[in-house]
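This report concerns only the one structure given below.
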Ligand code: SR1
Ligand code: MG
C-alpha cells in the first residue's frame, strides 16, 4: 500500500521540528538528545523527543491504517484532526485537565503535544498496583464541563449546529459501533477468549437481554448528538503525575481521536468499565482493599460529575425551560445510560478484538476468573441499567462478581 505523506521516524524528526516555527522555544531541533517511540495504543505512532537541555515534546502521527493490525485495516488519518480539534475545545474548557496541543499539522497528520513524560498512563499506574487519589473526581468534573460547555446547554445553538457538522467522525464511530456494541454479540471472526472462558463467552452470546441492551446502546450512541464527547475515555487515555498513595499532582486527558457529538454517558460508562477492570485485576492479585477502592471510583466520578453539572446548570444558556428539575432529569437519564455503556465497554474488552492490559497481563490461572467476573458484571448491568436511580447500584450489581466477599 502506498501513502502520500511521510511517516515520522528517528531519522526525520529533527528536520521536521526545524520546519515548525511553532515549536521554537519549546525544544531545540539542532540539539536533539533522544527520540523514543512510546506509542502503545491501537492506532498511532507516538514519539517522545528530548533536547540536550532536557526540554521535551510529544509528536503523535496518525497512520492511514490501524496500527493494531497493520495496513490490512485502512483507517482515515483525518482522525488526527478530530483529536486536535476536540483536545483544543476541551482544553479551552478545562485547561488543567487536558493536554495542550502546541500545533496540528494537517498535511502529515501530526499533533505536537506538550511533554507529559513526567506523567504515567493511569492504566499502567493502576496495573502497577499504584493508587493516585482524586483522579476520578477530576475526571467527573471534566466530563461535566464538556457536557455543558460543548452542548446547547452552554453554547449558542447555531454554533453547536456548526460544530456538529465540523466534528463528524464516521470512520472512528464505526469502529466503536462494531467493536463495542455489535461484535460482543455477533462475532465476525475477530473475537477471542481463553479456552477456560469459552463457556462464559457462549453464555454472553446467548443472552438475549444483553443483546437487546447492546441494540439500545448502539442506537443511542448513533443518534444522541448531545455534546462533543471524548469518545474513548478509558484509563489509558488519562495521564497522572505524582506519588502513589497521594493525591495526583496532575491529571491530563489525551487521545480523543474518537471525539464526536454523542451521548455524555458514553464517556462516563467508559470510565466505570475501566475502574471495574482495575477492580477485577486487584481481586485476582489478592489486593482486596485496592479492589474496593477501584470500584469506589465509580461513585467518586459520578458525584463530581453530578455536582459540576448542577453547578453549571445555574447559569447555562437557557434556564427557563431548562431549569433545575430538567437538570436533575438529565442526570437520571445519564446515570442509567452510563450503566448501559459500561456494560458494553466491559464485555467488549473481554471477548472483543481490542483487549486491556489490566486483564491480559494476568497469568492465565488468574485471567480466566477475572474475565469471567467481568462478563458476569457486564450482563448484570445490561439486565438492570433501566431505572438505575442511585450510583450505589453500580457497585451492588458488580461487587458480587468483581470483589471477594
Ligand atoms: C481498532 S481500534 C481498537 C480500539 O482502540 C481504541 O482505544 C478504541 O477503544 C478502539 O475501539
Ligand atoms: Mg486511544
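In this note's numbering, the protein residues as written are 1 to 405.
Backbone N, C-alpha and C fix where the C-beta goes; we use that ideal spot for every residue, glycine too.
Counting every other CB atom within 10 Å of its CB across the protein chains shown gives residue 391 a total of 16 or more, marking it as buried.
Bounds of the beta strand (DSSP E) holding residue 252 are 250–253. In this structure, the alpha-carbon of residue 130 lies about 43 Å from that of residue 319. Near the ligand MG, meaning a Cβ closer than 7 Å to any of its heavy atoms, lie the following residues in chain order: 41, 42, 43, 232, 236, 237, 255, 257. Of the heavy atoms belonging to the ligand SR1, none sits nearer than 7 Å to the Cβ of residue 222. The C-alpha of residue 342 is placed about 17 Å away from the C-alpha of residue 207.
Restricted to the stretch 215–303, the beta strand (DSSP E) segments that are unbroken, complete and at least 3 residues in length are 227–229, 238–241, 250–253, 260–262, listed in chain order. In the three-state scheme derived from DSSP, where H, G and I count as helix and E and B as strand, residue 355 is classed as coil. Within its own chain, the residues whose Cβ lies closer than 8 Å to the Cβ of residue 360, once the five positions on either side in sequence are excluded, are 367, listed in chain order. Residue 150 and residue 98 have their C-alpha atoms roughly 15 Å apart.
For residue 35, the enclosing beta strand (DSSP E) stretches over residues 32–37. It is roughly 12 Å from the alpha-carbon of residue 241 to the alpha-carbon of residue 124. Secondary structure within the stretch 118–188: the alpha helix (DSSP H) runs of 4 or more consecutive residues, fully enclosed, are 122–127, 135–149, 157–166, 170–176 (chain order). Apart from the 5 residues on each side of it in sequence, residue 308 sits with its Cβ closer than 6 Å to the Cβ of 141, 144 in its chain, given in chain order. Distance from the C-beta of residue 180 to the nearest heavy atom of the ligand SR1 is below 7 Å.
Here residue 277 is not near residue 200, since their CB atoms are 8 Å or more apart. The continuous stretches of beta strand (DSSP E) do not include residue 396, which lies in the alpha helix (DSSP H) extending over residues 392–402. Distance from the C-beta of residue 273 to the nearest heavy atom of the ligand SR1 is not below 7 Å. Within the same chain, and ignoring the five residues on either side of residue 93 in sequence, the residues whose Cβ sits closer than 8 Å to its Cβ are 145, 146, 149, 150. Nearest Cα to residue 24 within the set 188, 377, 56, 74: 56. Within its own chain, the residues whose Cβ lies closer than 8 Å to the Cβ of residue 354, once the five positions on either side in sequence are excluded, are 42, 68, 179, 348, listed in chain order. The Cβ-Cβ distance between residue 326 and residue 394 does not fall below 8 Å. Distances from the CB of residue 101 to the heavy atoms of the ligand SR1 are all 7 Å or more. Approximately 29 Å separates the beta-carbon atoms of residue 386 and residue 314; this is outside 8 Å, ruling out the contact. Under the DSSP assignment, residue 13 falls in the alpha helix (DSSP H) whose first and last residues are 13–18.
Taken through DSSP and simplified to helix, strand or coil, residue 191 comes out as coil. Checking the DSSP bridge columns, you'll see residue 45 partnered with 61.
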